[in-house]
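Trainee: In our numbering, the protein residues as written are -7 to 171.
Submitted below is the structure of interest, expressed as structure tokens.
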Ligand SMILES: [Zn+2]
Ligand SMILES: [Zn+2]
């Protein structure tokens, strides 16, 4: 991903403060021409830092590029997606961050995690987890998700770690963080 220029960062800041920003707003607050504002909007939506709305630019909700829990880039192959009661989606980089976030979030409608073997999205509450294995994708302790217990048991034979269901994994994950 290309890094945003200082001007583009200023626009992203505007968007994060106001949710939706018109071309006119951007022109005024940055003192740039209509054409430049338009060009910046184009490139920001191309890089994926904002969403295009009629006549301006808006905050990106679902495909935000950073883990809402730890801030690392979520181009991870094991995203953990939490949907809140108001329909807002929060994307975490991995099950480690997802489980940590679920311990503090109250208004959760659903939580989906990614099966480590198959890459499919599965219900986080019914998934099986391997905590603290040798395979660390981003966060430590590593937490990987599996759709069934057998896959998880097979995995630990090769890569260590402990097999746990949702609530046990959440507890172990938290405990290991404190060490
Ligand atoms: Zn994270
Ligand atoms: Zn992570």
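Beta carbons: idealized from backbone N, C-alpha and C, even for Gly.
All figures in this text were calculated on a predicted structure; none of them were measured in a lab.
Inspect the CB distances between the region 129 to 145 and the region 89 to 108 and report whether three or more fall short of 8 Å.
Mentor: yes
Trainee: Counting Cβ pairs closer than 8 Å, one from the region 152 to 159 and one from the region 105 to 124, do we hit at least three?
Mentor: yes
Trainee: Can you list, in chain order, the residues of its chain whose CB lies under 7 Å from that of residue 161, leaving out five sequence neighbours each side?
Mentor: 91, 121, 123, 135
Trainee: Bridge partners of residue 151, per DSSP?
Mentor: Answer by DSSP bridge pairing: none, since residue 151 is not bridged.
Trainee: Please confirm whether any heavy atom of ligand 1 lies closer than 7 Å to the CB of residue 105.
Mentor: no
Trainee: Can at least three beta-carbon pairs, one atom from the region 108 to 115 and one from the region 137 to 145, be found at a separation below 8 Å?
Mentor: yes
Trainee: Spatial neighbours of residue 170 within its chain, please: C-beta separation below 8 Å, excluding the five flanking residues on both sides.
Mentor: none
Trainee: Run the proximity test for residue 58: is its beta-carbon closer than 7 Å to any non-hydrogen atom belonging to ligand 2?
Mentor: no
Trainee: Would you mind sorting residue 138 into buried or exposed? The rule is 16 or more other CB atoms within 10 Å of its CB.
Mentor: It is buried - the Cβ of residue 138 has at least 16 other Cβ atoms within 10 Å.
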